[in-house]
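What follows is a short report on a single structure.
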Amino acid sequence: MEYLPIRVSTLRGDAQINFDAFVKINEKFVLYVRKGDSFEGERLTRLKGKKLKKMFIVPDEEPKYRDYLSKNIEMAFDKNSGKSVQNRVEIVQGIQQNNAEEVMENPENEQSYNAAKDAAGRFVNLLINEPEALERLAKIANVDQNIAHHGVTVSTLAVGLAKRLGISDPKVSQMITMGSLLHDLDHFQTQLNIARKTADFTPEEMTTYKSHPLAAARKVQDKKHFDQPVINIILQHEEFIDGKGFPQGLNESKLDPNSVIVGLCNCFDRMVVFEGMSRADATKKLMIDNVGKYPLGHIQQLSALLNSMK
Ligand SMILES: [Fe+2]
Ligand SMILES: [Fe+2]
436 MEYLPIRVST LRGDAQINFD AFVKINEKFV LYVRKGDSFE GERLTRLKGK KLKKMFIVPD
496 EEPKYRDYLS KNIEMAFDKN SGKSVQNRVE IVQGIQQNNA EEVMENPENE QSYNAAKDAA
556 GRFVNLLINE PEALERLAKI ANVDQNIAHH GVTVSTLAVG LAKRLGISDP KVSQMITMGS
616 LLHDLDHFQT QLNIARKTAD FTPEEMTTYK SHPLAAARKV QDKKHFDQPV INIILQHEEF
676 IDGKGFPQGL NESKLDPNSV IVGLCNCFDR MVVFEGMSRA DATKKLMIDN VGKYPLGHIQ
736 QLSALLNSMK
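In this text, residue positions in the sequence shown follow the working numbering: the first is 436, and each later residue adds one.
As structure tokens, then:
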């Protein structure tokens, strides 16, 4: 029998699954989570702790899986669904992580890109209209140091920062969201272990690291469905306004303003997720380390956003 892969990031929320999910161990499929299980709170944290990215279902149950997915998505974005905000944001986080993984795995797939873009529009709406959702999303711990989850957190903070900086066009925030989700596409593909201090990288790893924005931009720039503002963020998210970032060493006048917003939020989430710093310490360090690298107003607004979430 052919089993069908599903992403673990799609298993979220308190709705019970009505299908069995298997893991592949030594070429054998073993029942791992069963009909009737649901994934929220502690249960979800434990599942994520397993660092499993994919599970499998039997083909007969694909319609049930699809049905579970679409019901969860509708419910998560619906303020009046009667579900708690926490439950909804856990599902939204999973939807966004799944979309990021889909596109990073297959950037040439136009359908996946467009699905991610549609969801990014709904995501922006949610964040703008429900500040509580923004705060809860930003606080979902990235326990497995997942690159796609990192993208979701960066997008959450970046949309919040953009709003504070007076960006009110939802289309701009949609591009910021897409760029944030996909900014580390090259890390996702090369599997470079970035969950360490960059000071500990070997020279070879450092070369791979330093080339990640350009390598990713090259992979997507000929794809007609990719929006230029998204490519700009992928290419420029490690640049600093003083021209001392990489890969091109562009200064502020040459940078896409969206890249500067995403770059700063990336810098914060990198400290928390990949360098193991507490949120409080990382917030303090933002101000200490980044003056000159990012506009002062951006740093102040991101600090204020983070402090409002304590
Ligand atoms: Fe990066
Ligand atoms: Fe990043």
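Glycine is no exception: its CB is placed at the ideal position from the N, C-alpha and C atoms.
From a predicted model like this one, the values you see are computed outputs, not experimental measurements.
At least one heavy atom of ligand 2 lies less than 6 Å from the C-beta of ASN701. Following the DSSP letters along the chain, one finds PRO682 in no alpha helix (DSSP H), marked with neither H nor E. Inter-segment contact for the segment 481-498 and the segment 436-443 is present: three or more beta-carbon pairs are separated by less than 8 Å. DSSP places ARG714 within a helical segment (H, G or I) once states are collapsed to three. Not one heavy atom of ligand 1 lies closer than 6 Å to the C-beta of ASP449.
Looking at the backbone, the Cα of VAL465 and that of LYS485 are separated by about 15 Å. Secondary structure of LYS720 (DSSP, three-state): helix. The beta carbon of GLU673 sits closer than 6 Å to those of PRO648, GLY680, PHE681, all from its chain and outside the five residues before and after it, given in chain order. Secondary structure note for MET510: its alpha helix (DSSP H) is the uninterrupted segment 497-512. Closest by C-alpha distance to VAL665, out of PRO692, SER743, GLU687, ILE629, is PRO692.
Judged by their CB atoms, LYS483 and VAL578 are nearer to each other than the 7 Å cut-off.
A straight-line Cα-Cα distance of about 15 Å links PHE661 and ALA650.
If you check the CB distance, VAL587 and GLN531 come in under 7 Å.
Relative to ligand 1, even the nearest heavy atom lies 6 Å or more away from the CB of GLU509.
Cβ-Cβ separation between SER694 and ASN667: approximately 6 Å, consistent with a contact (criterion under 8 Å). For the pair VAL589 and MET539, the Cα-to-Cα distance works out to about 16 Å. Close CB contacts of ARG557 within its chain, under the 6 Å cut and outside five residues either way in sequence, are with PHE512 (chain order). Ranked by Cα distance from ARG501, the options ALA535, LYS518, LEU446 are led by LEU446.
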